[in-house]
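*Asks:* So the sequence shown is residues 1 to 350, counted in the UniProt record's numbering.
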Amino acid sequence: MKTHLIFFGKSQDFKAVYFSSESKTENFDLEIKDFDLLESNIFTVDDINNGEIFSKYFFEYRNKKYSLLKLYSFAQAANGSRISGSIFGVGLLSEENINLSKSNLKLLKVAKDNFEKLSVSNKKFNKSNFDVDVEKIWKAIINNNGQNLLNHIEYDNHPKEINPKSIGVKLDFFTYLESVSKQQILFNKVYFSNDLEHLKRTQLKWDKSEFPIFIIHNGTLKEYKEKVLKPTAVKTAENDNRDIIDLKIDYDDLKQKHAELKQDYVSLRHTFKKREFFYKVLIGIFLIALSLSVVYFYLFKSEKQIISPQKVKEKQTSLEKSKKPMENTDTTSVKLNSNMGETNEKLESK
């Protein structure tokens, strides 16, 4: 069988459209009758916010080995409201062992993104029949700048042994897919998802033995295990008595500490009172000194301004002495004036 590119989803009922690198396959039952691995029955969508899921299957049909890669996510039917199992996606199916490579994943991503643009709106199919839309995408893939991208799919040899289990791997596969050793993931069905909570919900549904979860640690596949809280020790009568004794000891210690703190408080309070009295005395002395300084200043100033009666008398005496020569001068002047009058009278009579 040639490698097929498959578009699938629940637009109404579940539907799948198959294309080879050359043409559309009208009746795929001639290749594999009642092919039912596109609808995931183990790790499927269960919430509207689920991220994309990438998976790889190994299976046999009529003694022939096949491999299947799928990239899918949530989309409701055109006229439905169901969430669980409502998917749409793109797959690659071949008798060859399709490689888990970035190149093959990129082809699926491009095809799925364009499928969503044409046939899905707001996580809901906008039509019940998407045949025309996906045929446009297939034609663009087989004639991409003159190249048929389906002829560039990467393959590997089929493994000799495969673990029959189905596993989930917590991984950002768009970034770290090639960090996974291919020899470590040789399981019948491997589901990659970056949503750990989604993987854990699926594990609860199927049990750990049916669906173990793995993580990649230092490039090695390591089984994921929840952190288990340490169990609380069961208390016995002896433990209870021991607890009572411990509590009593703790109580006595606290009582002793309380007494010590109380004593320290009393001591500190006494010291504080002493210091308070000392500071009050200092402040009192300072205020008294300040008051005396002010009084002294004003008294000294007023003494300068007050003159004693004795000093006033002495000042008056000195003033009188200084006036006597002035009086003599005035008398002489009067006499001269009187004489001058008499002389004038005599001259006039003559």
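For every residue, glycine included, the Cβ atom is placed at its ideal position computed from N, Cα and C.
All values reported here derive from a predicted model rather than from experimental measurement.
In the region 157-206, which residue ranges form an unbroken alpha helix (DSSP H) of at least 4 residues, counting only runs that do not cross its ends?
*Replies:* Segments of the alpha helix (DSSP H) lying fully in the region 157-206: 173-176 and 196-206.
*Asks:* Whole angstroms are fine: how far does the CA of Tyr-72 sit from the CA of Gln-203?
*Replies:* Each residue's Cα considered, the two are about 19 angstroms apart.
*Asks:* Beta-carbon separation of Ile-98 and Leu-105 under 8 angstroms?
*Replies:* Against a cut-off of 8 angstroms, the Cβ pair of Leu-105 and Ile-98 comes out as no contact.
*Asks:* Do three or more CB pairs link the region 110-126 to the region 59-67 at distances below 8 angstroms?
*Replies:* As far as the Cβ criterion goes, the region 110-126 does not touch the region 59-67, which means the pair count is below three.
*Asks:* Using only alpha-carbon positions, find the residue among Asp-156, Ser-291, Ala-75 and Lys-160 that is nearest to Ser-119.
*Replies:* Considering only alpha carbons, the answer is Ala-75.
*Asks:* By DSSP, does Thr-331 sit in helix, in strand, or in coil?
*Replies:* Summary for Thr-331: the model assigns pLDDT 46, below 50, so the residue's position carries little reliability, and this model does not support an answer.
*Asks:* Closer than 7 angstroms by C-beta to Glu-154: which residues in its own chain qualify, once you throw out the five before and the five after it? Chain order, please.
*Replies:* Correct list, in chain order: Asn-99, Ser-101, Ser-103 and Asn-104.
*Asks:* For Lys-335, does the count of other Cβ atoms within 10 angstroms reach 16, so buried, or fall short, so exposed?
*Replies:* Because the pLDDT at Lys-335 is just 47, under 50, the model does not fix this residue reliably, and the point stays unresolved.
*Asks:* Hey, is the region 151-169 in contact with the region 26-33, meaning 3+ C-beta pairs nearer than 8 angstroms?
*Replies:* No, the region 151-169 is not in contact with the region 26-33.
*Asks:* Give the DSSP bridge partners of Gln-76, in chain order.
*Replies:* For Gln-76, which the question treats as bridged, DSSP gives the partners Lys-124.
*Asks:* Would you please state the rounded distance, in angstroms, between the beta carbons of Phe-7 and Phe-115? I believe it to be under 8 angstroms.
*Replies:* About 6 angstroms separates the two Cβ atoms, so the contact holds.
*Asks:* Which value, in whole angstroms, describes the spacing of the CA atoms of Tyr-279 and Phe-300?
*Replies:* Those two C-alpha atoms are separated by around 32 angstroms.
*Asks:* Would you report the Cα separation of Arg-82 and Glu-39, rounded to the nearest angstrom?
*Replies:* Going from the Cα of Arg-82 to the Cα of Glu-39 covers about 15 angstroms.
*Asks:* Below 8 angstroms CB to CB, which residues in the same chain sit around Ile-137 once its five sequence neighbours on both sides are set aside?
*Replies:* The residues are Phe-7, Ala-111, Asn-114, Phe-115 and Leu-118.
*Asks:* Going by beta carbon distance, what residues of the same chain come within less than 6 angstroms of Phe-192, once the five residues before and after it are set aside?
*Replies:* So the qualifying residues of the chain are Phe-54, Val-169, Leu-171 and Phe-173.
*Asks:* Quick one: using the 10 Å Cβ neighbour count with 16 as the cut-off for buried, is Val-45 buried or exposed?
*Replies:* Answer is buried; the Cβ neighbour count reaches 16.
*Asks:* Going straight from the alpha carbon of Ser-179 to that of Gly-219, what length do you get?
*Replies:* Roughly 6 angstroms between the two C-alpha positions.
*Asks:* To which residues does DSSP link Ala-259 through a beta bridge?
*Replies:* Paired residue(s): none; Ala-259 is not in a bridge.
*Asks:* By how many angstroms is the C-alpha of Leu-261 removed from the C-alpha of Leu-282?
*Replies:* So the alpha carbons of these two residues sit roughly 31 angstroms apart.
*Asks:* Going by the beta-carbon positions, is the gap between Phe-187 and Ser-209 smaller than 8 angstroms?
*Replies:* No, they are not a contact pair.
*Asks:* Please classify Lys-255 as buried or exposed, where buried requires at least 16 other C-beta atoms within 10 Å of its C-beta.
*Replies:* Exposed.
*Asks:* Tell me, which residues are paired with Glu-223 by DSSP?
*Replies:* Answer by DSSP bridge pairing, in chain order: Phe-214.
*Asks:* So Lys-2 packs on Ser-20, CB below 8 angstroms; how close in whole Å?
*Replies:* About 5 angstroms; that satisfies the 8 angstroms criterion.
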